[in-house]
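Enquirer: Residue numbers (my numbering): 58 to 170.
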Amino acid sequence: MNDDVTTYINRGLPWQVEVCEKLRQLVHRTVPDVEERLEYGKPHFASDGRHVAAIHVARGKISFLIFNASGIDPVKGVLRSLGNGDRKTADITEGQAVDFELLADVLARTSAR
């Protein structure tokens, strides 16, 4: 675990810290060889030199970004496309039920070699 990523996560509100830690553990369980580091001021996770996920804490929400997701369909209210669709993000707000299984499944499919 990268200390800079831990510091970033711990600056959030208590609910954000809890969700971010769950997302962080999800990434490490799903992509066993993943490396984490702070890039562009946010936690990024990479495997074999390519980005697989990122976490962004903002006022009132968390965004969990999954890379290499052009083959993944958006899921209304859960997972939306960014840009040309190669990236998908889940925006999470306080009290929202998070489908960690769905996110792990998407991450597993997009990070497979």
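Even glycine gets a Cβ: it sits at the ideal position worked out from N, Cα and C.
Among Asn-141, Pro-131 and Gly-140, which one has its Cα closest to the Cα of Ala-147?
Expert: Closest by alpha carbon: Pro-131.
Enquirer: Specify, as a first and last residue, the run of the beta strand (DSSP E) that Ala-111 falls within.
Expert: 107-115 is the extent of the beta strand (DSSP E) around Ala-111.
Enquirer: Please state whether DSSP places Pro-100 in a helix, a strand or coil.
Expert: Three-state result, Pro-100: strand.
Enquirer: I'd like to know if the stretch 111-123 and the stretch 142-156 are in contact, where contact means that at least 3 CB-CB pairs between them fall below 8 Å.
Expert: Yes, they touch.
Enquirer: The beta strand (DSSP E) with Ser-138 in it runs from where to where?
Expert: Per DSSP, Ser-138 belongs to the beta strand (DSSP E) from 137-139.
Enquirer: Alpha carbon to alpha carbon, how far is Glu-96 from Met-58?
Expert: Looking at the two C-alpha atoms, the distance is approximately 15 Å.
Enquirer: In the DSSP assignment, what are the bridge partners of Ala-147?
Expert: DSSP output for Ala-147 lists Phe-121 as bridge partner(s).
Enquirer: Drop a sphere of 10 angstroms on the beta-carbon of Leu-159, count the other beta-carbons inside from all chains shown, and report buried for 16 or more, exposed for fewer.
Expert: Result: exposed.
Enquirer: Can you give the Cα-Cα distance for Pro-89 and Arg-116, rounded to whole angstroms?
Expert: Pro-89 and Arg-116: Cα-Cα distance of roughly 30 Å.
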